[in-house]
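*Asks:* Dropping the structure in here first, questions after.
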Amino acid sequence: MAPRELDPLLPQNEPAPEISGYGTKSYTSHLASPRQDAPPAYESASEDEDNVESQSVAQRALSSLAGIFTVVVFFAFIALMLSPTSPTDMQPRPPAPPGHNKIEERVERILRDTPLFDGHNDLAILIRGAYKNKIHDSAFKKGFEDGGLYGDVDLPRLRKGRAGGAFWSAFVVCPENASDDFSDAEYSGAVAHTLSQIDLLHRLQAQYPDDFTPAGSGVEDALKQFHKSKSMLSPISIEGLHQIPQSAPLSTLRLYYLLGVRAATLTWNCHNAFADAALIWNVNETVVAPYHRGGLTSAGREVITEMNRLGMLVDLSHTSYWTQKAVLSNGTSAAPVIYSHSSAFTLCQHPRNVHDDILELVKETKSLVMVNFSPGFISCSPPADSSQLPDFDEKNNTVHQVARHIVYIGEKIGYDYVGLGSDFDGMGDLTPRGLEGVDKYPNLIAELLVMGVSDEDARKVAGENLLRVWRKAEEVSARLQKEDHEGEDDVHGYDL
Ligand SMILES: [Zn+2]
Numbered sequence: 001m002a003p004r005e006l007d008p009l010l011p012q013n014e015p016a017p018e019i020s021g022y023g024t025k026s027y028t029s030h031l032a033s034p035r036q037d038a039p040p041a042y043e044s045a046s047e048d049e050d051n052v053e054s055q056s057v058a059q060r061a062l063s064s065l066a067g068i069f070t071v072v073v074f075f076a077f078i079a080l081m082l083s084p085t086s087p088t089d090m091q092p093r094p095p096a097p098p099g100h101n102k103i104e105e106r107v108e109r110i111l112r113d114t115p116l117f118d119g120h121n122d123l124a125i126l127i128r129g130a131y132k133n134k135i136h137d138s139a140f141k142k143g144f145e146d147g148g149l150y151g152d153v154d155l156p157r158l159r160k161g162r163a164g165g166a167f168w169s170a171f172v173v174c175p176e177n178a179s180d181d182f183s184d185a186e187y188s189g190a191v192a193h194t195l196s197q198i199d200l201l202h203r204l205q206a207q208y209p210d211d212f213t214p215a216g217s218g219v220e221d222a223l224k225q226f227h228k229s230k231s232m233l234s235p236i237s238i239e240g241l242h243q244i245p246q247s248a249p250l251s252t253l254r255l256y257y258l259l260g261v262r263a264a265t266l267t268w269n270c271h272n273a274f275a276d277a278a279l280i281w282n283v284n285e286t287v288v289a290p291y292h293r294g295g296l297t298s299a300g301r302e303v304i305t306e307m308n309r310l311g312m313l314v315d316l317s318h319t320s321y322w323t324q325k326a327v328l329s330n331g332t333s334a335a336p337v338i339y340s341h342s343s344a345f346t347l348c349q350h351p352r353n354v355h356d357d358i359l360e361l362v363k364e365t366k367s368l369v370m371v372n373f374s375p376g377f378i379s380c381s382p383p384a385d386s387s388q389l390p391d392f393d394e395k396n397n398t399v400h401q402v403a404r405h406i407v408y409i410g411e412k413i414g415y416d417y418v419g420l421g422s423d424f425d426g427m428g429d430l431t432p433r434g435l436e437g438v439d440k441y442p443n444l445i446a447e448l449l450v451m452g453v454s455d456e457d458a459r460k461v462a463g464e465n466l467l468r469v470w471r472k473a474e475e476v477s478a479r480l481q482k483e484d485h486e487g488e489d490d491v492h493g494y495d496l
């Protein structure tokens, strides 16, 4: 029997049911029980409904009864001035703790000037699963534009949460025998679906140009656009090199780059010709991958060189401990790398999280770990042994626990090397309490401030660190392109 308590700082955890392994989500059930009219049953969600309702009532009153409305507002203002309570007490929410208002103001200032830049958002695969990529059908359009889209993301929630940008993942699952069979026949479906997901993100960005900056923008252009119009920085990422043909990695990555792909995870939950994964996904279950090939293959090293040359970020989330060690040692990557959505192993012993000794290498290489909000990665009790997945612990499934992962990494290696990688729309139906969707990002920044993180460090976590790493990758790319030509794939067959 495993000990139930991993972290002595936390209250005694009670046994909680184990959640299914990462990646076993099914979207067919989403259509059967859509959440459009049923936001999560937490206090903050009903608070939002109240706000929307009172806004529309006020607007009607304003158009027909402007005079009365003015009088009401005047007396409400007088009442507020005379009241011993703070303005936040006037809103339908629990009384704020002392100093809370000041925290809100600090959060507001931080997110006004710094884009909150999320390392990993799975909206695209949710649209594929739940809406079959039909972005002009009313089922999608209404929810996305007016709010209440199934899942964790839609435009009103992005705006409310002061989202400044994200790496939008063009994720597709691993082929069934991906770890053993690297043939084009095995991988062709994943490549085809990746193109369709990249196309989906392009169509979404074209349909909502005021909200999304084009994926192909460089970091400075995208940032300029954010400051000018608050449109979101919107590079695309792929989540595993199973999304390229194993026989033609370099040419395909170059073409993906042209399509706006600015980061690639080396693996998802399957091994590929280039790198070893931490977990193996088998349609109905996900298991811990045993030690495989020592991490990175020689073909994998060539891929990293080409990614450095292109200015495409190398992403180590989902990779095995040994892959991480190989990439972060001996200057394997010429540019800093990212973990787009991984948390701290010491706080939750999940193979998807980052070990302490690896965190030291992250610091050494000026790389970046963006903390995943997904419940199974933030709150768990340790497994019986390292060949098993840990038990999820519902008790600590909170925004505070996500903040603890950030503070842990920040205090250990510095706040220059930690960021946000939500995994929103990729974590299934369960979300942390207080962090139920993109509209709740400010809660997390507030929690960091409450825990004593400075405004300057909170800005780094919110987005400045990811901007720094992206800038550095572009700088390295410009240098390497002057020094050497592009890598060329081997061609087999077609002999003349
Ligand atoms: Zn993932």
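With the numbering used here, letter number 350 in the sequence shown gets 350, and the count goes up by one each step, no holes.
Glycine is no exception: its CB is placed at the ideal position from the N, C-alpha and C atoms.
State buried or exposed for ARG128, treating a residue as buried only when at least 16 other CB atoms are found within 10 Å of its CB.
*Replies:* Translated into the one-based positions of the sequence shown, residue 128 becomes position 128. It counts as buried.
*Asks:* Is there at least one non-hydrogen atom of ligand 1 closer than 8 Å to the beta-carbon of ASP423?
*Replies:* The residue labelled residue 423 in the question sits at position 423 within the sequence shown. Checking every heavy atom of ligand 1 against the Cβ of ASP423, one is found closer than 8 Å.
*Asks:* Which word fits ARG479, buried or exposed, when buried means at least 16 other C-beta atoms lie within 10 angstroms of its C-beta?
*Replies:* Mapped onto the sequence shown, residue 479 falls at position 479. That one is exposed.
*Asks:* Please return the same chain residues whose Cβ sits closer than 7 Å to the Cβ of LEU201, not counting the five positions on each side in sequence.
*Replies:* On the sequence shown, residue 201 is found 201 positions in, with the first residue counted as 1. These residues qualify, in order along the chain: ALA124, TRP168, ALA170, ALA215, ILE236.
*Asks:* So, at 6 Å on beta carbons, what are the nonlocal neighbours of PRO336 in its own chain, with the 5 sequence-adjacent residues on each side left out?
*Replies:* Here residue 336 corresponds to residue number 336 of the sequence shown, with the count starting at 1. Result list for PRO336: THR365, LYS366, SER367, VAL469, LYS472, in chain order.
*Asks:* I need the DSSP call for HIS120, collapsed to helix, strand or coil.
*Replies:* Sequence index remark: in the sequence shown, residue 120 carries index 120 (1-based). Of the three classes helix, strand and coil, the one that applies to HIS120 here is strand, per DSSP.
*Asks:* Looking at VAL461 and VAL399, is the spacing between their C-beta atoms short of 9 Å?
*Replies:* Indexing the sequence shown from 1 puts residue 399 at position 399. Indexing the sequence shown from 1 puts residue 461 at position 461. Result no, Cβ atoms of VAL399 and VAL461 do not sit closer than 9 Å.
*Asks:* If you draw a straight line from the C-alpha of LEU250 to the C-alpha of CYS270, how long is it?
*Replies:* Here residue 250 refers to the residue found at position 250 of the sequence shown. Here residue 270 refers to the residue found at position 270 of the sequence shown. Going from the Cα of LEU250 to the Cα of CYS270 covers about 20 Å.
*Asks:* Determine contact between the region 339–352 and the region 381–392, defined as no fewer than three beta-carbon pairs at a distance below 8 Å.
*Replies:* yes
*Asks:* Should TRP322 be listed as close to ligand 1, given that the test is whether its C-beta is under 8 Å from any heavy atom?
*Replies:* Position 322 of the sequence shown holds residue 322. No, the beta carbon of TRP322 sits no closer than 8 Å to any heavy atom of ligand 1.
*Asks:* What residue does the beta strand (DSSP E) around VAL337 start on, and which one ends it?
*Replies:* The count along the sequence shown starts at 1 and reaches residue 337 at position 337. Element bounds for VAL337: n/a, residue is neither H nor E.
*Asks:* For ligand 1, I want to know if THR265 counts as a neighbour, meaning its beta carbon is within less than 8 Å of at least one of the ligand's heavy atoms.
*Replies:* Taking the sequence shown and counting its residues from 1, the one referred to as residue 265 is at position 265. Yes, since a heavy atom of ligand 1 falls inside the 8 Å radius drawn around the Cβ of THR265.
*Asks:* Apart from the five residues on each side of it in sequence, which residues of its chain come closer than 7 Å, Cβ to Cβ, to LYS482?
*Replies:* Residue 482 sits at position 482 when you count from the first residue of the sequence shown. Cβ within range, chain order: n/a, list empty.
*Asks:* Since ILE110 and ASP455 should fall inside the 8 Å C-beta cutoff, what is the C-beta to C-beta distance between them, to a whole number of angstroms?
*Replies:* The residue you call residue 110 lines up with position 110 of the sequence shown. The residue you call residue 455 lines up with position 455 of the sequence shown. About 6 Å separates the two Cβ atoms, so the contact holds.
*Asks:* Can you give me the C-alpha to C-alpha distance between SER231 and GLY463, rounded to a whole angstrom?
*Replies:* On the sequence shown, residue 231 is found 231 positions in, with the first residue counted as 1. On the sequence shown, residue 463 is found 463 positions in, with the first residue counted as 1. For SER231 and GLY463, the distance between alpha carbons rounds to 15 Å.
*Asks:* Could you check what DSSP says for THR332 in three-state terms: helix, strand or coil?
*Replies:* Translated into positions along the sequence shown, residue 332 becomes position 332. Secondary structure of THR332 (DSSP, three-state): coil.
*Asks:* What span of residues does the beta strand (DSSP E) with GLY164 cover, start to end?
*Replies:* Looking up residue 164 in the sequence shown gives position 164. Run containing GLY164: 163–169, per the beta strand (DSSP E) assignment.
*Asks:* When every heavy atom of ligand 1 is checked, does at least one fall within less than 8 Å of the C-beta of SER231?
*Replies:* One-based indexing of the sequence shown puts residue 231 at position 231. Not under cutoff, so the answer is no.
*Asks:* Strictly by DSSP, which residues pair up with LEU296?
*Replies:* To locate residue 296, count along the sequence shown from 1; it is residue 296. Beta-bridge pairing links LEU296 to ALA275.
*Asks:* Are THR332 and ARG301 closer than 9 Å when you measure CB to CB?
*Replies:* Counting from 1 along the sequence shown, the entry for residue 332 is found at position 332. Counting from 1 along the sequence shown, the entry for residue 301 is found at position 301. Their beta carbons are under 9 Å apart, which means THR332 touches ARG301 by this criterion.
*Asks:* Between the Cα of ILE198 and those of GLY311, LEU253, PRO115, THR319, spot the shortest distance and give me the residue it belongs to.
*Replies:* The residue given as residue 198 occupies position 198 in the sequence shown. Answer by Cα proximity: LEU253.
*Asks:* Count the CB pairs spanning the region 180–198 and the region 146–165 that are closer than 8 Å, and state whether there are at least three.
*Replies:* no
*Asks:* Please classify SER379: is it buried, with 16 or more other beta-carbons within 10 angstroms of its beta-carbon, or exposed?
*Replies:* For the purposes of this step, residue 379 is identified with residue 379 of the sequence shown, where counting begins at 1. Counting Cβ neighbours within 10 Å, SER379 comes out buried, since at least 16 surround it.
*Asks:* According to DSSP, is PHE377 helix, strand or coil?
*Replies:* Walking along the sequence shown from the start, residue 377 turns up at place 377. Residue state, collapsed to three classes: helix.
*Asks:* Classify VAL407 as helix, strand or coil using the three-state DSSP reduction.
*Replies:* On the sequence shown, position 407 is the one that residue 407 refers to. If DSSP states are grouped into helix, strand and coil, VAL407 belongs with the helices.
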